[in-house]
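Working notes for the structure below.
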């Protein structure tokens with residue numbers, strides 16, 4: 001920010017400009033004794049002016065550990081609950097990324113998604129949105145995963161209450177809900193850590209032609 005934006009007498013601004021001191025940063029960086037001679041004001045007044053400018057325009061001091069925790073909470077990985085998979089991903093799922101789980105029927109895609117859901121809701125105590133496109137979400141399978149970890153009934157209930165299941169029947173409903181969800185997730189402290197969509201192909205089948213998929 002330019003010094004001329006501050007309430008400083010014109011004659012002093014002119015003297016500073018002649019010495020190529022035009023910004024607040026340049027003024028603060030300059031030797032106070034030298035500034036006193038340039039501006040023709042006392043050393044104490046220069047120091048007071050610097051302190052006022054620093055107080056007005058500098059960022060609030062923060063502890064290093066607080067900054068680290070803030071950054072870590074945004075960019076840290078989410079454990080999938082499957083150690084070998086976490087190792088493959090160098091720690092787990094990276095927040096802000098989109099992942100597609102592919103495989104044949106019966107390969108364990110749903111089991112993997114439910115395992116991640118159990119991990120987030122129990123260990124992180126955070127909400128997930130589970131978008132069900134086939135109307136076959138099985139809460140009993142999720143309960144089995146949680147129970148297999150030795151959780152009490154109360155702990156299982158608390159974890160399952162953090163899973164919000166949303167049923168959509170077609171692609172238009174999905175797009176509409178994702179647009180709605182975007183507004184929810186953009187709010188601070190929304191409490192959501194993951195959105196799972198199961199599954200995308202089920203929605204696109206409605207757009208396929210008889211043989212060639214000419215309508216997709």
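Residue numbers (UniProt numbering): 1 to 216. Backbone N, C-alpha and C define an ideal beta-carbon position, used for all residues, glycine too.
Euclidean distance between Cα positions of residue i and residue j
i, j, result
"residue 216", "residue 104", "Confidence at residue 216 is low in this model, with a pLDDT of 41, below 50, so the placement of that residue should be treated as unreliable; the coordinate-derived value is given next. Looking at the two C-alpha atoms, the distance is approximately 21 Å."
"residue 94", "residue 151", "26 Å"
"residue 195", "residue 131", "8 Å"
"residue 134", "residue 59", "51 Å"
"residue 42", "residue 32", "10 Å"
"residue 45", "residue 57", "18 Å"
"residue 107", "residue 180", "32 Å"
"residue 137", "residue 81", "20 Å"
"residue 214", "residue 201", "Since pLDDT at residue 214 reaches only 43, below the 50 mark, its modelled position is unreliable, and the value read off the structure follows with that caveat. Residue 214 and residue 201: Cα-Cα distance of roughly 15 Å."
"residue 118", "residue 198", "16 Å"
"residue 158", "residue 142", "12 Å"
"residue 189", "residue 112", "27 Å"
"residue 86", "residue 145", "18 Å"
Sub-8 Å separation of residue i and residue j beta-carbons
i, j, result
"residue 121", "residue 162", "yes"
"residue 192", "residue 99", "no"
"residue 148", "residue 156", "no"
"residue 171", "residue 203", "yes"
"residue 235", "residue 79", "The requested residue 235 is not part of the displayed model; the chain covers only 1 to 216."
"residue 127", "residue 164", "yes"
Residues that residue i bridges to, as DSSP identifies them
i, result
"residue 52", "Paired residue(s): none; residue 52 is not in a bridge."
"residue 132", "167 and 198"
"residue 78", "93"
Inset, instruction - Indicate whether the contact test is met: 3 or more Cβ pairs, each with one atom in the region 24–31 and one in the region 48–58, closer than 8 Å. - result: Contact between the region 24–31 and the region 48–58 is present, because at least three Cβ pairs lie under 8 Å.
Legend entry - Every unbroken alpha helix (DSSP H) within the region 149–185, with a cutoff of 4 residues, ordered by chain: The alpha helix (DSSP H) runs lying completely inside the region 149–185 and spanning 4 residues or more are 153–160 and 171–185, given in chain order.
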